Amino acid sequence: MLIRTVARCSFRWTAALCLLALVLAGCSSENYPQTTLLPRGDFAKIADDLLDTTVRWALLVFVLVEGVLLYAIFRFRGKPEDPEPRQTHGNTTVEVIWTVIPFAILVGMAIPASKTLIAMETPAEDAELTVKITGYQWKWHYEYVGENLGFFSNLATPRDAIYNRAAKGENYLLEVDRPLILPEDKKVRFLLTSNDVIHAWWVPDLSIKRDAIPGFIHEMWTRIDEPGTYRGQCAELCGRDHAFMPIVVQALPQDEFDSWLMAEKAKTPGSAASAPVAASAAPAAKPTPAPASTAAPAPAAAPTPAEPVAPADPAPAAPGATL
Ligand SMILES: [Cu+2]
77 MLIRTVARCS FRWTAALCLL ALVLAGCSSE NYPQTTLLPR GDFAKIADDL
127 LDTTVRWALL VFVLVEGVLL YAIFRFRGKP EDPEPRQTHG NTTVEVIWTV
177 IPFAILVGMA IPASKTLIAM ETPAEDAELT VKITGYQWKW HYEYVGENLG
227 FFSNLATPRD AIYNRAAKGE NYLLEVDRPL ILPEDKKVRF LLTSNDVIHA
277 WWVPDLSIKR DAIPGFIHEM WTRIDEPGTY RGQCAELCGR DHAFMPIVVQ
327 ALPQDEFDSW LMAEKAKTPG SAASAPVAAS AAPAAKPTPA PASTAAPAPA
377 AAPTPAEPVA PADPAPAAPG ATL
């Protein structure tokens with residue numbers, strides 16, 4: 077009997093541990109590189125700090141409430157032969173306590189949340205670089221404002237891989253022909269808009285996710301704290317090839333970024349002649365003229381019904397052969 081009980085308990089523990097291992101395996105950042113839980117840069121960190129604060133409060137409330145509940149269940153559980161307990165209706169002290177404590181907790185959470193929102197929404201007037209991002213069906217255009225440089229960034233995954241005629245690579249559907257190159261540890265301002273329908277520029281590592289709306293400019297900023305490659309995707313259902321407009325951001329040390337910028341500007345003089353957006357562009361939600369693109373390649377032609385649009389602007393890859 078004892079052996080059977082021990083065997084049953086150990087089976088339950090083993091099953092629980094296996095389940096826990098399975099759940100924790102899903103948290104591996106190696107298998108799921110697009111995560112907001114490993115923030116890169118101060119914009120991402122202030123969002124992550126707010127999440128941590130909120131989760132701590134939620135955990136405290138959970139432990140307190142569940143603790144009192146479990147205590148009450150076990151301490152006051154009745155047996156069939158017990159007499160009916162004394163009935164209580166209303167207790168002013170308890171009711172005041174359970175109103176005041178949640179109110180205090182909500183105020184405690186509202187203060188850091190407001191600070192974070194203000195920090196995220198404050199225009200980055202002190203940015204050292206401004207990049208205008210324009211969404212197209214189905215690619216992104218990046219313009220380095222004031223630098224006379226702009227280019228399209230197209231999906232680089234071969235069509236054969238998409239249609240299972242070739243092996244899928246490590247960064248399947250998350251690779252582009254030309255990534256957005258940014259300097260490390262420099263405040264960068266993004267001006268986000270769209271040329272056709274609503275898209276959303278989303279890079280989880282940077283905690284940046286905002287809609288790109290035709291006729292509007294939304295502003296965001298970041299300061300990436302270490303060189304690396306950060307991948308994202310369009311996060312707004314924008315048409316047939318919505319899944320085929322990934323985002324790749326490559327952060328370089330300042331000297332390498334300067335060299336790259338000089339080389340690109342020398343290679344493509346006048347390539348960023350799209351509609352200019354001044355460094356002091358309108359704040360978010362203020363209507364602005366729809367972004368025209370006079371010199372940049374036109375958006376992809378009407379898609380064929382069978383397969384996704386092939387990259388329309390195959391340009392030389394930027395530094396980083398792994399992209
Ligand atoms: Cu899109």
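The opening position of the sequence shown corresponds to residue 77 in the numbering used here, with each subsequent residue numbered one higher. Beta carbons are placed, not taken as given, at the ideal position from N, Cα and C, and that holds for glycine. Source: prediction; values computed, not measured.
query	result
Excluding five sequence neighbours on each side, which residues of the same chain lie with their C-beta closer than 7 Å to the C-beta of residue 117?	282, 298, 299, 300 and 301
By Cβ distance, which residues of its chain are closer than 6 Å to residue 208, with the 5 residues on each side in sequence left out?	219, 221, 267 and 353
Indicate whether residue 206 and residue 254 have their beta-carbon atoms separated by less than 8 Å.	no
When burial is assigned at 16 or more other CB atoms within 10 Å of the CB, is residue 136 buried or exposed?	exposed
Pick from 110, 95, 88 and 97: whose alpha carbon is nearest that of residue 305?	110
Can you name the residues that DSSP bridges to residue 288?	275
Relative to the C-alpha of residue 276, which residue among 263, 257 and 323 is closest?	323
Between which two residues does the alpha helix (DSSP H) carrying residue 216 extend?	Residue 216 -> not in any alpha helix (DSSP H); beta strand (DSSP E) instead, spanning 215–220.
If you compare alpha carbons, which of 202, 246 and 339 is closest to residue 263?	202
Buried or exposed: where does residue 310 fall if 16 or more other Cβ atoms within 10 Å of its Cβ makes it buried?	buried
Under a three-way DSSP split, which group does residue 330 fall into?	helix
Hey, would you say the C-beta of residue 142 is under 7 Å away from at least one heavy atom of ligand 1?	no
Tell me whether residue 314 counts as near ligand 1, meaning its Cβ is closer than 7 Å to at least one heavy atom of that ligand.	yes
Quick check: the Cα distance between residue 141 and residue 178, rounded to an integer number of angstroms?	12 Å
Take the Cβ of residue 246 as the centre, count every other Cβ of all protein chains shown within 10 Å, and call the residue buried at 16 or more, exposed below.	exposed
Out of 317, 123, 336 and 132, point me to the one whose CA is closest to residue 190's CA.	123
Run through DSSP, which three-state label would residue 401 get?	Any answer about residue 401 is impossible in this case: the structure gives the chain only from 77 up to 399.
Contact check, residue 327 vs residue 258 under 8 Å by CB: the rounded distance?	5 Å
I need the straight-line Cα distance from residue 330 to residue 319, nearest angstrom please.	32 Å
Using only the heavy atoms of ligand 1, determine whether one of them is closer than 7 Å to the beta carbon of residue 310.	yes
Examine ligand 1 and report whether any of its heavy atoms sits within less than 7 Å of the Cβ of residue 245.	no
Output needed for residue 126: all residues of its chain with C-beta closer than 8 Å, excluding positions within five of it in sequence on either side, in chain order.	188, 189 and 192
Based on the DSSP output, what are the partners of residue 210 in its beta bridges?	217 and 269
With 16 as the cutoff for other CB atoms within 10 Å, does residue 86 come out buried or exposed?	exposed
Buried or exposed, going by whether 16 or more other CB atoms sit within 10 Å of the CB of residue 307?	buried
Go ahead and pull the three-state DSSP assignment for residue 143.	helix
Could you check what DSSP says for residue 228 in three-state terms: helix, strand or coil?	strand
Within the same chain, show all residues whose beta-carbon is closer than 7 Å to that of residue 97, passing over the 5 residues directly before and after it, in chain order.	none
Use the C-beta contact count for residue 148: other C-beta atoms within 10 angstroms, 16 or more gives buried, fewer gives exposed.	exposed
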